[in-house]
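K.L.:
Take this structure, written in structure tokens, and hold onto it; I'll ask about it next.
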Amino acid sequence: MNEVTRKFLNAGNTVVSNYLLSHFHQLGLTSDELVIYLIIEKQREQGDLFPSSKLISRETGLDESKVYELLHELIQNKFMEIKTVKHADGKNYDQYNFDLLFDKLLQSADNETETKKQQTQKNDRETVFKQIESEFGRPLSPIEYETINQWLTDDHYAPEMISLALKEAVLSQAYSLRYMDRILLNWEKRNLTTVNQVQKEEERQRNNSSSDHNSNQRNVKADLNGPKIPIYKISDQNR
1 MNEVTRKFLN AGNTVVSNYL LSHFHQLGLT SDELVIYLII EKQREQGDLF
51 PSSKLISRET GLDESKVYEL LHELIQNKFM EIKTVKHADG KNYDQYNFDL
101 LFDKLLQSAD NETETKKQQT QKNDRETVFK QIESEFGRPL SPIEYETINQ
151 WLTDDHYAPE MISLALKEAV LSQAYSLRYM DRILLNWEKR NLTTVNQVQK
201 EEERQRNNSS SDHNSNQRNV KADLNGPKIP IYKISDQNR
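For the sequence shown, the UniProt record's numbering gives the first residue as 1, with consecutive numbering after it.
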């Protein structure tokens, strides 16, 4: 192994959150501030918890005055703080701490998830409206819009359950939300909250119906094939 390879391997690796790399601009972190963070994180993994501004300047290629400015901005914008920690030797040492940065990062992730959830709910809501209007062959009235919103928001019926209730109503040629509401209430009373549960229940009922039908058929056949009743000729009784 040559000297260059040895240096490369001995330098080790710094683990960085991919989410941070993808979202640091959204957090308000500048590219230079991100580089400062990366250098501090690299030094931390090597045991240096409070690298000097001179070292950071050398590692980043930034002027030392610029490094001071960026460190101040990181603290002022609540991405970083300097904490004093007592080490095993009993002495107090300063160290850079980025818990605030990751609090912001986690908050950003939560907000992103919530935003996607809200967008999905909005899309599902619009899909339900369009499906019902399409099957009814007319625009929905304001009251009907309110009813559907209540199904989704207050009753927490899943959009796919509403779509299934619509299908059942159409098959019965009952183009009304009142009919759909009765279907949804019936499923709710029977604790059927998913399409899969409804389908399994319908299959179970079909099987029971088929079983009852077969049982009745067997009973009828048994009656027809019952015990033989002897047939006597009237003339035999006089012998």
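All C-beta atoms in this analysis are idealised placements derived from N, C-alpha and C, irrespective of residue type, glycine included.
The model shown is predicted, which means the values in this text are computed figures rather than measured ones.
Taking residue 29 as the reference, give the member of 104, 52 and 14 with the closest Cα.
P.N.:
Cα-wise, what sits closest to residue 29 is 104.
K.L.:
What residues in its chain sit with their C-beta under 7 Å from that of residue 238, if we drop five residues either side in the sequence?
P.N.:
Unreliable placement is indicated for residue 238, whose pLDDT of 45 sits below 50; the coordinate value is still reported in the next sentence. Excluding sequence neighbours, residue 238 sits near nothing in its chain.
K.L.:
So what does DSSP say about residue 220, is it helix, strand or coil?
P.N.:
Any reading at residue 220 needs caution, since the residue's pLDDT is 46, under 50, leaving its predicted position unreliable; the model's value is listed next. Three-state DSSP puts residue 220 in a helix.
K.L.:
Could you pull out every residue in the same chain whose Cβ sits closer than 6 Å to the Cβ of residue 71, ignoring the five residues on either side in sequence?
P.N.:
none
K.L.:
Keeping to the same chain, check which residues put their C-beta closer than 7 Å to that of residue 131; ignore five residues upstream and five downstream.
P.N.:
163 and 166
K.L.:
Under the three-state reduction of DSSP, which class applies to residue 147: helix, strand or coil?
P.N.:
helix
K.L.:
Pop quiz: residue 15 and residue 36 are said to be a contact at Cβ under 8 Å. What is the actual Cβ separation, rounded to whole angstroms?
P.N.:
Not quite, the Cβ-Cβ distance comes to about 17 Å (not below 8 Å), so this is no contact.
K.L.:
Quick one: grab the DSSP three-state call for residue 173.
P.N.:
coil
K.L.:
Nearest by alpha-carbon distance to residue 85: which of 97, 74 and 76 is it?
P.N.:
97
K.L.:
Just the Cα atoms here: how many angstroms apart are residue 155 and residue 92?
P.N.:
58 Å
K.L.:
Please classify residue 126 as buried or exposed, where buried requires at least 16 neighbouring CB atoms within 10 angstroms.
P.N.:
exposed
K.L.:
Locate the beta strand (DSSP E) running through residue 94, then write down its first and last residues.
P.N.:
92-97
K.L.:
For a minimum of 3 consecutive residues, which ranges assigned as the beta strand (DSSP E) are wholly contained in the UniProt domain "DnaD N-terminal" (16-114)?
P.N.:
81-86 and 92-97
K.L.:
Label residue 33 either buried or exposed according to how many other C-beta atoms from any shown protein chain fall within 10 Å of its C-beta, with 16 as the threshold for buried.
P.N.:
Result: buried.
K.L.:
What separation, rounded to the nearest whole angstrom, lies between the Cα atoms of residue 152 and residue 190?
P.N.:
19 Å
K.L.:
By Cβ distance below 8 Å, which residues in the same chain neighbour residue 141 in space, the five residues on each side in sequence not counted?
P.N.:
none
K.L.:
From residue 51 to residue 58, what does the alpha carbon distance come to, in whole angstroms?
P.N.:
11 Å
K.L.:
Sort 49, 60 and 69 by Cα distance to residue 83 and report the nearest one.
P.N.:
49
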